[in-house]
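Report on the following structure.
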Amino acid sequence: MEMSAIPDRVETLPAPDRCAGCDAALGDTSDVGHRRAQVTELPRVRPETVECRLPVRRCGCGHQTSAVAPPGVQAGQACYGPNVKTMVALIAEIGHTSMERTALLMKLMFGLSVSTGFVAKVDAQLGDRLAPFEEQVKERLRKAEIAGTDETPVSLAGSTAYIYGMHDGKVVWYGAGATRGHETIKGFGLLTGFTGILVRDDYVGYYFLDSLLAGVQICLAHIVRDLRRQVENDPVRNAWAGRLRSLLQEAIHTANQAVRDGNEQLNPQVIADIRARYLELAHEGIRFNPQHAGRPKNKARVLAERLVDRVDKALLFLSDLRVGATNNGSERILRRAKTQMKISGCWRSMGGLRAFCRVHTYLVTAANHGIDAFTALRDAFLGTSWTLPQTTA
């Protein structure tokens, strides 16, 4: 690490009084300067108990008026302050630790013996306070021109639940549901109110939304992987899949290069040529994998037919360069859920899972706007949660 030009504090140590070479005595006249050494250290943090005495005055009418307690302090009782709650939330949410480990770390780092019940209470309180923020995020995403969505299974008290994610690049929302179906998606009241371009995978559960949307871009990363598998299964019969895979990769490169060059759109003839080659190769896949009477279609034919049917959704990114060709952004925002699973194992209740989603909606969106987690969480506990700016541009 580099030395700081302006250290916070300078300490001058006692000068040596004997020569390390010959053991001769050294005095002040031997001074020739000093060497520098810097250490960046944390002070040992210990909790401080502050008693707030709130003056009370009696009016001539007989009514007594007390001074108002500062934010985060409750008159007439002892409580933990907003900084303590913020550290609990940071450890639990950013560290993805269990309630037991969160309580243990509070003891080890700060000497505070908080209970797991207190940790759970902090989590629930934070979730409740962020309800208005979640609604603000939903309203912003409903109005987005382009957004991505995805979902991932998680473990909930021995069963399977799902965390959904939606984002526009800066504003991120998470939601939890017991199933992976229409009713869950409708229950969020988010995607059903979205009318822009949706980037997603080709999961059938989203199909019912298509008629509401300005357009759909299905994730080409999934399609490229599917094509690779077919080539690996039968390199000769499915050579078409290898060529189509290369075509899609070239198309993505073409669109990305156009964006880097500052172009607002591709030449229509370029788009037409890519589309024609795409359909030619997909139809070749159908021909090389004929359907036999009384037997189910093989996977290669099913894929080829799907690609013909989805051509407009696969190539939308070519006609609108604002749209990404993959849904990688949506997959990235769900990594927090997977990290939580790896470290803590599961959620114990749907309420806890939904609180996790709401808190991380807040933390991720705040971070995308340059707000650090400590500041965002402390503001929430003080009752002044960070809110979205009027524009996210």
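Quick note on numbering: the sequence shown equals residues 1277 to 1669 in my numbering.
For each residue, glycine too, the CB sits at the ideal point set by N, CA and C.
None of the values given here were measured: they were computed from a predicted structure.
Contact under 8 angstroms by Cβ, residue i with residue j
i	j	result
R1654	D1478	no
V1599	V1447	no
T1392	E1376	yes
F1593	A1548	no
V1635	L1432	no
R1405	S1625	no
R1513	F1464	no
A1420	D1399	no
L1496	A1590	yes
R1456	Y1438	yes
W1449	K1414	yes
L1664	Q1412	yes
G1469	R1418	yes
C1633	G1491	no
L1680	A1517	The structure shown does not extend to residue 1680, since the chain is modelled only from 1277 to 1669, so the question has no answer here.
G1338	V1349	no
A1407	V1395	no
V1535	A1558	no
I1370	A1649	yes
L1467	I1473	no
L1610	T1428	yes
Closest Cα partner of residue i within the set the options
i	options	result
G1441	G1434, K1618, E1410, L1432	E1410
R1260	L1384, G1297, R1521, A1552	Outside the shown range of the chain, which is 1277 to 1669, sits residue 1260, and nothing can be said about it.
S1595	G1570, R1551, R1634	R1551
L1542	P1511, L1597, K1589, C1328	L1597
V1321	A1300, L1388, A1379	L1388
H1372	R1612, G1659, V1640	R1612
T1471	T1460, V1480, E1459, F1484	F1484
K1618	V1430, R1519, R1553	V1430
M1385	V1360, I1370, A1407	V1360
I1494	T1425, H1645, V1535	T1425
P1292	D1588, A1301, R1333, T1316	A1301
P1319	R1294, T1288, D1537, D1284	D1284
V1364	L1381, R1311, K1462, E1327	L1381
V1344	K1383, C1328, L1489, G1336	C1328
Counterpart residues of residue i in DSSP-defined beta bridges
i	result
T1341	R1333
R1294	A1301
A1423	L1474
Q1493	V1475
I1461	For I1461, which the question treats as bridged, DSSP gives no partner whatsoever.
S1431	T1436
G1441	D1426, Y1450
W1623	L1432
Residue i at chain C interface by Cβ criterion, 8 angstroms
i	result
A1534	Of the protein chains in this structure there is only one, and it is not chain C.
Assess contact between the stretch 1565-1580 and the stretch 1609-1629, defined as three or more Cβ pairs (one per stretch) separated by less than 8 angstroms. Is contact present? Output reads no: the stretch 1609-1629 does not touch the stretch 1565-1580.
Jot down the residue ranges of each uninterrupted alpha helix (DSSP H) in the stretch 1509-1568, minimum 4 residues, whole runs only, in chain order. If we require 4 residues or more, the alpha helix (DSSP H) runs fully inside the stretch 1509-1568 come out as 1515-1536, 1544-1563.
Completely contained alpha helix (DSSP H) runs for the stretch 1581-1666, where each covers 4 or more residues: Counting whole runs of 4 or more residues, the stretch 1581-1666 contains the alpha helix (DSSP H) stretches 1587-1590, 1592-1595, 1604-1609, 1611-1620, 1626-1644, 1649-1657.
Which runs of the alpha helix (DSSP H), 4 residues or longer, sit entirely within the stretch 1337-1390? Secondary structure in the stretch 1337-1390: the alpha helix (DSSP H) runs of 4 residues or longer, each lying completely within the stretch, are 1358-1365, 1375-1386 in chain order.
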